[in-house]
Every structure is written in C-alpha cells, then in structure tokens.
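In the working numbering, the protein residues as written are 262 to 510. By construction, the Cβ of each residue, glycine as well, lies at the ideal position given by its N, Cα and C atoms.
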Ligand SMILES: Nc1ncnc2c1ncn2[C@@H]1O[C@H](COP(=O)(O)OP(=O)(O)O)[C@@H](O)[C@H]1O
Ligand SMILES: [Mg+2]
C-alpha cells in the first residue's frame with residue numbers, strides 16, 4: 262500500500278467539477294510535483310487530501326487508513342502536513358512560538374508540553390536558518406522568511422507527507438534555486454514524502470521532483486517521471502506551446 266492513495270476523487274462546486282476523477286499514489290519518501298495552469302484544481306486537490314473539505318467521490322487512503330471522512334486535525338495527527346499558499350503566521354507571536362504551535366498540534370497526536378514544543382521549535386529554527394529572528398514577532402518577517410516559518414511549523418507536526426502549496430510563488434530565480442535545495446534537504450533529513458504544488462515555475466519542477474502530475478481542468482493529464490512529463494506534447498499544449506525557455510530552464 263502506498264503512503265497516499267487517491268482513487269477516482271471528485272469534488273464539485275455547484276455545476277463546476279473542480280477535481281475530476283483523480284487517481285494517483287504517493288509513495289513513502291517520494292518527491293512529487295503537482296503542476297497545472299491557474300484554475301486546474303491543484304489547491305482543491307490539496308484541500309481534499311488534508312481535509313479542508315470532504316471529497317464528493319472516491320476514497321482517499323493515507324498510511325493504510327481510509328481518511329475520506331476524517332476532519333483535518335485527525336489527518337494531521339496521522340502525519341499529513343500542509344503549508345499554505347499565503348502564509349498567515351500569528352503576527353504578534355514570536356517565530357519560536359509560531360513553530361511550537363505546530364509541535365503542540367501535531368506530533369502524531371501525542372500530548373507534549375509547551376516547553377517541549379518550544380525546544381522542538383528551536384531545532385526547526387536552526388534548520389530554516391532564522392536563529393536571529395527567534396524572539397521576534399512573525400508579523401515583521403519578509404515573505405520568504407514567513408514561508409520558511411510556515412514550513413518549520415508544518416515540520417514540527419512530524420508529518421509523513423508534507424503538501425506544499427505554491428512554495429515558490431513570486432520568488433526570483435535565485436530564491437527559487439535556494440528553496441529547491443532547501444526542500445530537497447528537508448526530504449533527506451526528515452525522511453518524508455513531499456508533494457509540492459508549482460504553478461508556472463518549470464525550473465523549480467525540473468530541479469525538485471522525481472515525478473510530475475499535471476492537472477488540467479480538474480483532471481489528471483499526465484503522471485510521469487519528470488523528464489518525460491516536461492517534454493510531453495500534451496503538457497506543452499496545456500502550457501500554450503511554450504516549451505523552450507520555461508520548460509527547459
Ligand atoms: N471554495 C470554492 N468554491 C467554488 N469554486 C471553487 C472553490 N475553490 C476553488 N473553486 C474553483 O475550482 C477550480 C479549481 O480551483 P483551484 O483548485 O484553486 O485551482 P488551482 O489551485 O489549480 O489554481 C477553479 O475554477 C476555482 O474557481
Ligand atoms: Mg492554487
């Protein structure tokens with residue numbers, strides 16, 4: 262059994278089929294990218310996996326458990342971590358406190374004390390390189406620093422699978438390269454599977470993922486190893502025939 266299995270998963274909003282019959286697996290320790298144009302259904306797919314709302318159809322299995330009807334907090338306890346497209350830290354809480362909150366609400370549902378959570382937060386502050394900001398309010402951080410705190414908060418929940426929504430949106434190429442290296446490092450040190458959603462940055466996809474799922478109009482267009490996916494004519498067509506620069510960068 263794979264770590265995550267989505268079988269014919271569908272979500273409708275009124276007449277709109279936002280996620281249409283999606284079937285795919287994620288294996289333990291795997292690095293997968295989900296890409297697709299704006300509106301393809303990527304965020305909705307993430308919301309179905311981590312339980313923001315339930316799927317209309319299809320079971321979702323995580324780590325051997327049918328989680329289709331589980332609320333988000335129960336899925337988090339099982340080891341489903343998530344970062345959001347727009348990080349919203351508790352602005353007046355410190356960086357350390359924000360990360361500790363992850364430790365308190367995750368950790369496979371185990372009760373841990375505030376002190377233990379604060380200690381755990383320190384490890385992750387080290388990992389994201391924000392030691393100098395530890396006691397500062399998270400509201401004053403730069404967008405990239407907020408993103409790093411968001412990742413640290415999710416990691417403090419000790420996930421087996423981390424879903425990263427638009428981890429690199431709005432970043433310049435240098436920051437993208439750094440973030441790609443960082444995400445790969447996390448995968449190694451934490452020994453977890455990561456599904457990163459990337460809207461348009463093929464440079465990041467190529468550097469990051471072993472396998473790529475392309476969504477188009479809610480449905481699965483291709484599920485292939487990265488090199489094949491990025492040169493697949495169907496994928497190039499969805500991206501309006503812009504294979505050269507972006508796709509090969
Ligand atoms: N809560 C919602 N209510 C109604 N429609 C939604 C909702 N969330 C997303 N949609 C619609 O579902 C489609 C897929 O959106 P989304 O999953 O955000 O795509 P992506 O993340 O790939 O850009 C879009 O047409 C979007 O407008
Ligand atoms: Mg989205």
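Residue 312 sits away from residue 303, with the two beta carbons spaced by 8 Å or more. Proximity of the beta carbon of residue 344 to ligand 2 is not indicated: no heavy atom of the ligand is located closer than 7 Å. Around the C-beta of residue 489, fewer than 16 other C-beta atoms lie within 10 Å, and the residue is accordingly described as exposed. Proximity of the beta carbon of residue 274 to ligand 1 is indicated: a heavy atom of the ligand is located closer than 7 Å. For the set 408, 372 and 367, the Cα lying nearest the Cα of residue 386 is the one of 408. For a cut-off of 8 Å, the C-beta gap from residue 426 to residue 307 is around 6 Å, short enough to register as a contact.
In this structure, residue 479 and residue 280 form a Cβ contact; the two beta carbons are roughly 5 Å apart against a cut-off of 8 Å. Counting the other CB atoms within 10 Å of its CB gives residue 323 a total of 16 or more, which places it among the buried residues.
Put simply, the stretch 436 to 455 does not touch the stretch 471 to 487. Fewer than three CB pairs are less than 8 Å apart. Counting only runs that start and end inside the stretch 411 to 437, the beta strand (DSSP E) elements of at least 3 residues fall at 422 to 426.
Counting other Cβ atoms within 10 Å of its Cβ, residue 498 stays below 16 and is therefore classed as exposed. In this structure, residue 311 has its beta carbon at no less than 7 Å from each heavy atom of ligand 1.
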